[in-house]
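Engineer: Per this note's numbering, the sequence shown starts with residue 13, numbered consecutively.
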Amino acid sequence: MKMLIVESPTKRKNIAAYLGAGWVVEASFGHVRDLPKGEMGIDFGNYQPAYVLSDSGKKVMTKLQGMSKQMEEIWLATDPDREGEAIAWHLKALLGRDKIVRRVTFSEITQTAVLRAMQQPRDIDNNLVDAQQARRVLDRLYGYKLSPALGDKIGVHGISAGRVQSIALRLIVDRERAIRNFRSTKHFGVAIVCESEGRQWRAKWDTAPFVTEESPYITDKESAEKVCCHALSGLRVTKFSEKEQQQMPPAPLITSTLQQAAANRLGLSVGTTMAAAQKLFEAGLITYMRTDNPNLSDEAIAELHNYLRAAGQDDHIADPPHRWKAKGGAQEAHEAIRPTDFALRIADSGDPVADQVYQLIRRAAIACQMRPAIYKVRKARLETLQPLTLANVPTPATIPAAFDASGRELIYPGWQIIAKDYTNDDDKAESGQLPMLTEGQICQPLEAVRLELETRVPNRFTETSLLKILEKHEIGRPATYANIIETQLRRGYAEIKKRYFYPTELGKRVIDALADRFDIMETGYTAAMEAELDNIARGTADYLTVVRDYDLALDSQLADFIQSSVEEGSIVPCPQCQNGKLRRINGKKGPFWGCSNYKEGCNYIAPDEDGKPGKPKPKFTAYPCPQCGEGHLQRRAAKKGKGKYWWGCDRYPDCDYTAFDDKGRPKAKKA
């Protein structure tokens, strides 16, 4: 017997049917080992992790180890990405000491793909494993080292910072402050309306000759009115062109563009989208959904061509096939997301959301190999018949005022037959369908309108726009975006109101503490780190060197950060035990300050005074503790019952003596 191990249990039934007799298919349920909770779990001599079985991993491995004893071979078919490669590595380490272990991958769960993969077993790719391990170790180093120092800095216990989450939060905070500081500029433009061949069309004044980069707007109303007057005297066509313009279809969806398309068209969160895609993949309806390669495989293109021919769409097939260039940080070799059967119009997965996501994927995949749409595009430039002098503008000049008009008309739909709404372009050109004009022709405007314009405040981030900027700056990877967003919300650093991200006061305090003090708060640094992880995956960078260099840089910046916190007084040593630090704690009755060594027995507390520790209330010393003989009884308000009190030893938890209150004194207990 042979055993094939996949990640998800929902894949087992179909794959077992494909493999037939002699095979047992089991699942690892994702990762079985991870770094330990509550401690660093890293050997700083060689930066090797000290992995431990997770609670769920213990149950899984007990079963798999028992079954493996009866197996001749173990085949590992975890997902075809870095995480999947790492899971396979862990499984081999735990199961494969005395067994033949083989690694196989497939990007779709179909009989053809699975059986083909079984004919191409390979060894585990240690470069991919090292890249995944480097990411995990760096996340642990930054999280475990930076978070306590940040908590001390801003006086908030249990706060967290991270290699990716903190720079993502900075983007949200910086945008909010840009909005708060924004001051709009009112400015003016001019639009003219003409009529030719019975068709009205518009042109807009080109203000470029009269403005500068530093002062890009016309803010003088009289200047705009002067342009209107000159335009009404007539305009001469100085340039006219007509040509055909192709519009290429959008690339098939990858992880990031799937997330964006689902948010824009279906209103889905990143987490919901990825859960739906996971369900479709495990049902064998789509290819693997974690990919950054925007191309279909040659085999898939051939299958798509056959489908289009069978559907009577021969004339719309792109020849040669369209190809797209992957971004510089692209990681994975497998193809873009597509249906496993192009002819399947409706997924019928049992999940309405997943079925909608399937439609997005299918339409994009089919459209990507159809011919470009073709537009007839006309452009014209017109000038006033006489020069005019504008003095109250950034660049005073005496020249004719120029106007630009353009229009386009769809003459062949191509890929838009199936996916017209996938274009981000505005199909309605501003000028309408521009008629034929000739150079030298005089046009008499029907009207000239002064446009009252105003610069627009930047928009807050939605999930879609935040994803785009994360991808643009190569912060994290699309597969991690859902977790990045969830962390901001769960930690209380940001909140979503009507689809828009708003930073909380806590989120702003975090950024104020970290910005300009740590390299990870800069987008370029984070992108460079991602590139180094890619280099490890390609085998062109060394795991130990990369991790060690980043850790040493962190330690240097962390030392400066802690020293500055002490000098600024934001870190306050505990005056009672001398070893701990005071931290601001949000209690049921409001904030107060307590010692970080409370688990070690230090019970020092102080009131909060404008965000800083105040002087603690004086202790009673009149009533020595009758139980321990070292402490003194303190009067405390009861949690229930207004005006009720009780007494307890100030050495708690070392001493748990309590007594009822008797008219402001501790009531003695009967012997």
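Cβ atoms here follow ideal geometry from the backbone N, Cα and C, with glycine treated the same way. In this text the structure is predicted, and so the values were computed from the model without any measurement.
What does the alpha-carbon distance come out to for the pair Leu-394 and Arg-335?
Structural biologist: What you label residue 394 is simply residue 382 of the sequence shown in a count that begins at 1. What you label residue 335 is simply residue 323 of the sequence shown in a count that begins at 1. Taking the straight line joining both Cα atoms gives about 39 Å.
Engineer: State the Cα-Cα distance for the pair Asn-138 and Asp-433, rounded to the nearest angstrom.
Structural biologist: Along the sequence shown, one-based indexing puts residue 138 at 126. Along the sequence shown, one-based indexing puts residue 433 at 421. Each residue's Cα considered, the two are about 43 Å apart.
Engineer: Rounded to whole angstroms, what is the Cα-Cα separation between Met-541 and Pro-625?
Structural biologist: The residue given as residue 541 occupies position 529 in the sequence shown. The residue given as residue 625 occupies position 613 in the sequence shown. Approximately 39 Å between the Cα atoms of the pair.
Engineer: Determine whether the beta carbon atoms of Thr-538 and Ile-179 lie at a separation below 8 Å.
Structural biologist: Here residue 538 refers to the residue found at position 526 of the sequence shown. Here residue 179 refers to the residue found at position 167 of the sequence shown. Their beta carbons are under 8 Å apart, which means Thr-538 touches Ile-179 by this criterion.
Engineer: Within the same chain, show all residues whose beta-carbon is closer than 8 Å to that of Met-13, passing over the 5 residues directly before and after it, in chain order.
Structural biologist: For this step, residue 13 is matched to residue 1 along the sequence shown. Contacts found: Gly-34, Trp-35, Val-36, Gln-82, Met-83, Glu-84.
Engineer: Thr-401 lies in the beta strand (DSSP E); which residues open and close that run?
Structural biologist: Start at 1 with the first residue of the sequence shown, and residue 401 comes out as number 389. 400-402 is the span of the beta strand (DSSP E), which, as asked, contains Thr-401.
Engineer: Return the CA-CA distance between Tyr-493 and Lys-480, expressed in angstroms with no decimal places.
Structural biologist: Against the sequence shown, residue 493 aligns to sequence position 481. Against the sequence shown, residue 480 aligns to sequence position 468. For Tyr-493 and Lys-480, the distance between alpha carbons rounds to 11 Å.
Engineer: Can you give the Cα-Cα distance for Asp-438 and Ala-220, rounded to whole angstroms?
Structural biologist: Numbered from 1 along the sequence shown, position 426 holds the residue referred to as residue 438. Numbered from 1 along the sequence shown, position 208 holds the residue referred to as residue 220. Since pLDDT at Asp-438 reaches only 47, below the 50 mark, its modelled position is unreliable, and the value read off the structure follows with that caveat. Taking the straight line from one Cα to the other gives about 23 Å.
Engineer: Spatial neighbours of Lys-291 within its chain, please: CB distance less than 7 Å, with the 5 preceding and 5 following residues excluded, ordered by chain position.
Structural biologist: Counted from its first residue, the sequence shown places residue 291 at position 279. Only Ser-361, Asp-363, Ala-366 meet the Cβ criterion.
Engineer: With distance defined between alpha-carbon atoms, name the residue in Pro-630, Arg-211, Gly-599 nearest to Asp-620.
Structural biologist: Mapped onto the sequence shown, residue 620 falls at position 608. For the residues Pro-630, Arg-211, Gly-599, the minimum Cα distance to Asp-620 belongs to Gly-599.
Engineer: Please identify the residue among Asp-666, Thr-467, Pro-665, Leu-645 whose C-alpha is closest to the C-alpha of Trp-658.
Structural biologist: For the purposes of this step, residue 658 is taken as residue 646 along the sequence shown, with counting starting at 1. For the residues Asp-666, Thr-467, Pro-665, Leu-645, the minimum Cα distance to Trp-658 belongs to Leu-645.
Engineer: Whose CA, out of Glu-507, Ala-379, Ser-245, Glu-498, lies closest to the CA of Pro-412?
Structural biologist: The residue labelled residue 412 in the question sits at position 400 within the sequence shown. Of the candidates Glu-507, Ala-379, Ser-245, Glu-498, the one whose C-alpha sits nearest the C-alpha of Pro-412 is Ser-245.
Engineer: Just to confirm the assignment, what range does the beta strand (DSSP E) spanning Ala-301 have?
Structural biologist: The count along the sequence shown starts at 1 and reaches residue 301 at position 289. According to the sequence shown, residue 301 is Met rather than Ala. No beta strand (DSSP E) contains Met-301, which DSSP labels as neither H nor E.
Engineer: Anyone know if the C-beta pair for Val-302 and Ala-491 falls short of 8 Å?
Structural biologist: Start at 1 with the first residue of the sequence shown, and residue 302 comes out as number 290. Start at 1 with the first residue of the sequence shown, and residue 491 comes out as number 479. With the sequence shown as reference, residue 302 is identified as Arg, and Val is not the correct amino acid for it. It is a contact, given that the beta carbons lie within the stated cut-off.
Engineer: Pick helix, strand or coil for Pro-228, following the three-state DSSP scheme.
Structural biologist: The residue labelled residue 228 in the question sits at position 216 within the sequence shown. Reduced to three states, the DSSP call for Pro-228 is coil.
Engineer: Ignoring anything shorter than 3 residues or poking outside the stretch 202-257, list the beta strand (DSSP E) runs there in chain order.
Structural biologist: You should have 211-217.
Engineer: Considering only their Cβ atoms, is the gap separating Glu-97 from Leu-136 smaller than 8 Å?
Structural biologist: By one-based count along the sequence shown, residue 136 stands at place 124. By one-based count along the sequence shown, residue 97 stands at place 85. Before going further, note that residue 136 is Ile rather than Leu in the sequence given. Taking 8 Å as the Cβ cut-off, Ile-136 and Glu-97 qualify as a contacting pair.
Engineer: Do you know how far the Cα of Ala-618 is from the Cα of Lys-629?
Structural biologist: Looking up residue 629 in the sequence shown gives position 617. Looking up residue 618 in the sequence shown gives position 606. So the two alpha carbons sit approximately 7 Å from each other.
Engineer: In the DSSP assignment, what are the bridge partners of Lys-656?
Structural biologist: Sequence index remark: in the sequence shown, residue 656 carries index 644 (1-based). Bridge partners of Lys-656: none, in fact.
Engineer: Grouping DSSP H, G and I as helix and E and B as strand, with all else coil, what is Ala-355?
Structural biologist: As a first step, residue 355 is located in the sequence shown; it is residue number 343 there, counting from the start. Note: Ala-355 maps to coil in three-state DSSP.
Engineer: What number of angstroms, rounded off, separates the C-alpha of Tyr-664 from the C-alpha of Asn-615?
Structural biologist: To locate residue 664, count along the sequence shown from 1; it is residue 652. To locate residue 615, count along the sequence shown from 1; it is residue 603. Rounded to whole angstroms, Tyr-664 to Asn-615 spans 7 Å at the Cα level.
Engineer: As a quick exercise: from Ile-386, Ile-27, His-43, Gly-32, pick the residue whose alpha carbon is nearest that of Glu-19.
Structural biologist: In the sequence shown, residue 19 corresponds to position 7, counting from 1. Comparing Cα-Cα distances from Glu-19 to each of Ile-386, Ile-27, His-43, Gly-32, the minimum goes to His-43.
Engineer: Count the CB pairs spanning the stretch 195-210 and the stretch 451-461 that are closer than 8 Å, and state whether there are at least three.
Structural biologist: The stretch 195-210, when compared against the stretch 451-461, does touch it at the 8 Å Cβ threshold.
Engineer: Which class does Leu-394 belong to by DSSP, given the choice of helix, strand or coil?
Structural biologist: Within the sequence shown, residue 394 is the residue found at index 382, counting from 1. Of the three classes helix, strand and coil, the one that applies to Leu-394 here is strand, per DSSP.
Engineer: Output needed for Ala-312: all residues of its chain with C-beta closer than 7 Å, excluding positions within five of it in sequence on either side, in chain order.
Structural biologist: In the sequence shown, counting from the first residue as 1, residue 312 sits at position 300. Closer than 7 Å at the Cβ level, and outside the excluded window around Ala-312, lie Glu-347, Arg-350.
Engineer: What's the call for Lys-651, buried or exposed, on a 16-neighbour Cβ count within 10 Å?
Structural biologist: Counting from 1 along the sequence shown, the entry for residue 651 is found at position 639. Lys-651 should be labelled exposed.
Engineer: Do the CB positions of Thr-465 and Phe-222 come within less than 8 Å of each other?
Structural biologist: By one-based count along the sequence shown, residue 465 stands at place 453. By one-based count along the sequence shown, residue 222 stands at place 210. The sequence shown places Leu at residue 465, not Thr. Their beta carbons are not under 8 Å apart, which means Leu-465 does not touch Phe-222 by this criterion.
Engineer: Specify, as a first and last residue, the run of the alpha helix (DSSP H) that Ser-418 falls within.
Structural biologist: Locating residue 418 in the sequence shown gives position 406, where the first residue counts as 1. That residue, Ser-418, is in no alpha helix (DSSP H); its beta strand (DSSP E) goes 414-424.
Engineer: The alpha helix (DSSP H) that contains Arg-115, what's its start and end?
Structural biologist: In the sequence shown, counting from the first residue as 1, residue 115 sits at position 103. From DSSP, Arg-115 is part of no alpha helix (DSSP H) but of the beta strand (DSSP E) over 112-115.
Engineer: Do you know offhand how far Leu-372's Cα is from Ala-161's?
Structural biologist: In the sequence shown, counting from the first residue as 1, residue 372 sits at position 360. In the sequence shown, counting from the first residue as 1, residue 161 sits at position 149. Distance between the alpha carbons of Leu-372 and Ala-161: 45 Å.
Engineer: Work out the CA separation of Lys-337 and Ile-523 for me, nearest whole Å.
Structural biologist: Position 511 of the sequence shown, counted from the first residue, corresponds to residue 523. Position 325 of the sequence shown, counted from the first residue, corresponds to residue 337. Their backbone Cα atoms lie some 36 Å apart in a straight line.
Engineer: In angstroms with no decimal places, state the Cα-to-Cα distance between Ser-235 and Ser-418.
Structural biologist: To locate residue 235, count along the sequence shown from 1; it is residue 223. To locate residue 418, count along the sequence shown from 1; it is residue 406. Looking at the two C-alpha atoms, the distance is approximately 24 Å.
Engineer: Applying the criterion that 16 or more other CB atoms from any shown protein chain within 10 Å of the CB defines a buried residue, is Val-126 buried or exposed?
Structural biologist: Translated into positions along the sequence shown, residue 126 becomes position 114. Buried, since its Cβ has 16 or more Cβ neighbours within 10 Å.
Engineer: Please determine, among Arg-195, Val-149, Phe-194, Ala-190, the residue with the shortest C-alpha to C-alpha distance to Gly-174.
Structural biologist: Along the sequence shown, one-based indexing puts residue 174 at 162. Looking at the Cα atoms, Val-149 is the closest of the given residues.
Engineer: Tell me which residues share the same chain as Ala-143 and place their Cβ nearer than 6 Å to its Cβ, disregarding the 5 neighbours each side in the sequence.
Structural biologist: Here the question's residue 143 lines up with position 131 in the sequence shown. If we look at Ala-143 and ignore the five residues flanking it on each side, its Cβ neighbours are Arg-94, Leu-545, Ile-548, Ala-549.
Engineer: What separation, rounded to the nearest whole angstrom, lies between the Cα atoms of Gly-11 and Ala-527?
Structural biologist: Any question about residue 11 goes unanswered here, given that the chain covers just 13 to 683.
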